[in-house]
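The sequence shown lines up with residues 188 to 709 when you count with this note's numbering.
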Amino acid sequence: MDYLAVFIPLLPLLAAAIIGMGNLLNKISGQAGEGLSANIANSAISLSCLLAFVLLGADLLDKNSGTILIGQWLSSERLVINLSFITTGFSVIVAALFALLLVIITRFSVNYIHKEPGFHRFFFTLSLFSSAMLLIALSGNAVGTFIGWEIAGLCSYFLISFAYDRPVAILNATRVFVTNRVGDTGFILGIGLTFYYIGSVDWITLNGMAEQLTTPTATVIALCFAIAAFAKSAQLPFTPWLARAMEGPTPSSAIFYGAVMIHAGVFLVILLQPIFEQAPFVMALLVIVGLFTAIYSFIVGLTQTDIKSSISFAISGQIGLMFIECGLGFWELASWHLCAHAIMRSYQVMTAPSLLHYVHGNPMKPLSHKFAGLRWGYIVSLQRFWLDPITDRALVRPINGLGKDLVHFDNNILDRAMGSPTSAGRAISSFSQLEQKVLTKQSGKDADEFGRGRGIVGKLFEWAASAMSWFEERLVLRGVGVEIVDIGRYLGQAANTFEKLILKPRYLVLFVFIVLLIAASI
Numbered sequence: 188m189d190y191l192a193v194f195i196p197l198l199p200l201l202a203a204a205i206i207g208m209g210n211l212l213n214k215i216s217g218q219a220g221e222g223l224s225a226n227i228a229n230s231a232i233s234l235s236c237l238l239a240f241v242l243l244g245a246d247l248l249d250k251n252s253g254t255i256l257i258g259q260w261l262s263s264e265r266l267v268i269n270l271s272f273i274t275t276g277f278s279v280i281v282a283a284l285f286a287l288l289l290v291i292i293t294r295f296s297v298n299y300i301h302k303e304p305g306f307h308r309f310f311f312t313l314s315l316f317s318s319a320m321l322l323i324a325l326s327g328n329a330v331g332t333f334i335g336w337e338i339a340g341l342c343s344y345f346l347i348s349f350a351y352d353r354p355v356a357i358l359n360a361t362r363v364f365v366t367n368r369v370g371d372t373g374f375i376l377g378i379g380l381t382f383y384y385i386g387s388v389d390w391i392t393l394n395g396m397a398e399q400l401t402t403p404t405a406t407v408i409a410l411c412f413a414i415a416a417f418a419k420s421a422q423l424p425f426t427p428w429l430a431r432a433m434e435g436p437t438p439s440s441a442i443f444y445g446a447v448m449i450h451a452g453v454f455l456v457i458l459l460q461p462i463f464e465q466a467p468f469v470m471a472l473l474v475i476v477g478l479f480t481a482i483y484s485f486i487v488g489l490t491q492t493d494i495k496s497s498i499s500f501a502i503s504g505q506i507g508l509m510f511i512e513c514g515l516g517f518w519e520l521a522s523w524h525l526c527a528h529a530i531m532r533s534y535q536v537m538t539a540p541s542l543l544h545y546v547h548g549n550p551m552k553p554l555s556h557k558f559a560g561l562r563w564g565y566i567v568s569l570q571r572f573w574l575d576p577i578t579d580r581a582l583v584r585p586i587n588g589l590g591k592d593l594v595h596f597d598n599n600i601l602d603r604a605m606g607s608p609t610s611a612g613r614a615i616s617s618f619s620q621l622e623q624k625v626l627t628k629q630s631g632k633d634a635d636e637f638g639r640g641r642g643i644v645g646k647l648f649e650w651a652a653s654a655m656s657w658f659e660e661r662l663v664l665r666g667v668g669v670e671i672v673d674i675g676r677y678l679g680q681a682a683n684t685f686e687k688l689i690l691k692p693r694y695l696v697l698f699v700f701i702v703l704l705i706a707a708s709i
């Protein structure tokens, strides 16, 4: 039965390939092909669900070996990445639950997306996402989990921007995509540190050697994966992306942010339970982040005027409680909480469009008088604690400015250093060259090719000659006009400008990042 774990993520992947190629080759297109796309997607995920429950039943009967090794995918000196899958424990339970929810929402989507221009694109993306989430649940190593992690994030971008003709959808999709990349950075660092200290990227090996790690080593590894989990599960300071993600169609919101993908971060923490238990600092961090996220989500949720936004903050608040449970060591409670919450939220998001009809005549419960009179609390809640503007000023603007500076450096320094034409080869080093340049401009002809070097050695001599000619022109031929005092003043101003640039937040962030990389490598 262990080999069934291979086909559970593989079948939806094949369905996505068939739908994508059929649509690309115009074999599956238009309203006439909707039934074929829907049948392919439904059949693949239904069969995966059946196999997942068979695998779960075999695990409950103690028939599974725990892991299954298919073969070697990549080998480079000490780094060996295998195609392996986990066939026991919480991973199998999550795979069966996710597969069941995927079946329900895939069937629900057939009528909901009917006659939409992107019908085939939707089911292609949904099938690819199903494969990615099942790979996250069953992969036996960190690299396989990360591949599913990234594919799921890409599918999230595609479905948030499903109505790509709407600027708001594109903006929200881009914001969500970029925010999740911060967590992906933590995941990549965690994989690198795991291989550096353990010598393997297999989850079973990592958890088995957790007790042999020192507390600082376990803390660094756990912290990297905790950052990835916080970003994926919309915990502070990443919480605002969840409300933006509700821009997509209701079925994608239900499966992505109500049932499946939003719980991937909690699942990762539970999967690495032995590592986190060796890192008391990170366990405390889980409690703190989860607590503040729950409080933040409760306060902000009080002033939301649309159903999806209200549900999104309720989701992030409940997941914050799951992180608190993990941080306090209640791992089994967190596991049950995850499963129950996924089922309940998927139903709640799917019924969001008809919620007003169901609650007609049922008035909302009034807010407590203790909160109702807090005007400052109302403003803070309505502005969502200004997290988006703070993020823009603290991260987006400095990184944007750093990017512009790097582009300027690339265009004006690197390009010239790599051999792009520059004005240095035509610098004036004598009056005769000045006269020749004037005559050349008047005649409209190019300058003499004599001063241009060929090859690496020629370029080195050319740059040296250019530097000497600049020195000769500025300090010898134009000594009276330029003056040494002016040069000193110019250098002083340049130094002051450089100092101001270094003190800008973008460069401080870059400096801190470089220091952390050096410290990690040491």
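Glycine is no exception: its CB is placed at the ideal position from the N, C-alpha and C atoms.
For clarity, every value in this text was computed on a predicted model and none was experimentally measured.
Grouping DSSP H, G and I as helix and E and B as strand, with all else coil, what is residue i?
| i | result |
| --- | --- |
| Val267 | strand |
| Asn549 | coil |
| Ser555 | coil |
| Leu256 | strand |
| Ile215 | coil |
| Ile442 | helix |
| Phe272 | strand |
| Ser420 | coil |
| Asn328 | strand |
| Leu525 | helix |
| Pro199 | helix |
| Leu315 | helix |
| Ser343 | helix |
| Leu664 | Since pLDDT at Leu664 reaches only 49, below the 50 mark, its modelled position is unreliable, and no value is offered. |
| Leu261 | strand |
| Phe637 | Confidence at Phe637 is low in this model, with a pLDDT of 44, below 50, so its placement is unreliable and the value that follows should be read with caution. Residue state, collapsed to three classes: helix. |
Select from the options the residue whose C-alpha is nearest the C-alpha of residue i.
| i | options | result |
| --- | --- | --- |
| Ile530 | Ser318, Ala356 and Ala286 | Ala286 |
| Ala527 | Thr404, His307 and Ile280 | Ile280 |
| Gln465 | Glu398, Ala501 and Met433 | Glu398 |
| Leu473 | Thr406, Val330, Ala203 and Gly258 | Thr406 |
| Asp389 | Leu266, Phe479, Gly435 and Val453 | Leu266 |
| Ile338 | Asp352, Ile323 and Ala350 | Ile323 |
| Tyr190 | Ser326, Thr578 and Tyr483 | Ser326 |
| Phe425 | Leu247, Leu459, Ser484 and Leu321 | Ser484 |
| Phe194 | Phe558, Gln218, Leu237 and Met433 | Leu237 |
| Thr366 | Ile701, Ala430 and Asn298 | Ala430 |
| Arg571 | Asn587, Phe310 and Ser497 | Ser497 |
| Pro199 | Asn210, Gly220, Ser230 and Gly222 | Ser230 |
| Val456 | Gly220, Leu270, Ser278 and Pro196 | Ser278 |
| Gly222 | Ile206, Leu574, Leu346 and Ile577 | Ile206 |
| Trp523 | Phe454, Ser499, Leu574 and Leu459 | Phe454 |
| Gly373 | Tyr383, Asp592, Ser568 and Ile414 | Ile414 |
| Val447 | Gly209, Ala282, Thr381 and Tyr351 | Ala282 |
| Leu410 | Asp579, Leu376, Leu289 and Lys495 | Leu376 |
I believe residue i touches residue j by the beta-carbon criterion, under 8 angstroms. Please report the beta-carbon distance rounded to the nearest angstrom.
| i | j | result |
| --- | --- | --- |
| Ala471 | Gly514 | 7 angstroms |
| Ala228 | Ala202 | 5 angstroms |
| Ala521 | Met509 | 5 angstroms |
| Cys342 | Ala319 | 7 angstroms |
| Phe306 | Ser224 | 7 angstroms |
| Ala418 | Val369 | 6 angstroms |
| Ile391 | Thr293 | No, Ile391 and Thr293 are not in contact; Cβ-Cβ is about 31 angstroms, not under 8 angstroms. |
So the alpha helix (DSSP H) residue i belongs to, where does it begin and stop?
| i | result |
| --- | --- |
| Asn394 | Trp390 to Gly395 |
| Asp371 | Pro354 to Ile385 |
| Asn226 | Glu221 to Leu247 |
| Pro436 | First-last for Pro436: undefined, no H or E at that position. |
| Phe468 | Pro467 to Gly488 |
| Asn298 | Phe277 to Tyr299 |
| Leu508 | Ile494 to Gly514 |
| Tyr565 | Arg562 to Leu569 |
| Ile577 | Leu574 to Thr578 |
| Val456 | Ala451 to Leu458 |
Is the CB-CB distance between residue i and residue j below 8 angstroms?
| i | j | result |
| --- | --- | --- |
| Ile268 | Leu261 | yes |
| Tyr565 | Thr492 | no |
| Ile408 | Ala329 | no |
| Ala192 | Phe272 | yes |
| Gln422 | Ile347 | no |
| Ser296 | Phe311 | no |
| Leu242 | Met188 | yes |
| Ile502 | Gly445 | yes |
| Asn394 | Pro461 | yes |
| Leu478 | Ile511 | yes |
| Phe349 | Ser440 | no |
| Thr437 | Tyr299 | yes |
Should residue i be flagged as near chain D, meaning a C-beta pair shorter than 8 angstroms?
| i | result |
| --- | --- |
| Ala441 | The displayed structure is made up of one protein chain only, and chain D is not part of it. |
Confirm the yes/no value for this check: CB of residue i, any heavy atom of the ligand NAD, distance under 7 angstroms.
| i | result |
| --- | --- |
| Val487 | For the structure depicted, the ligand NAD is absent and the ligand set is empty, with no information on it obtainable. |
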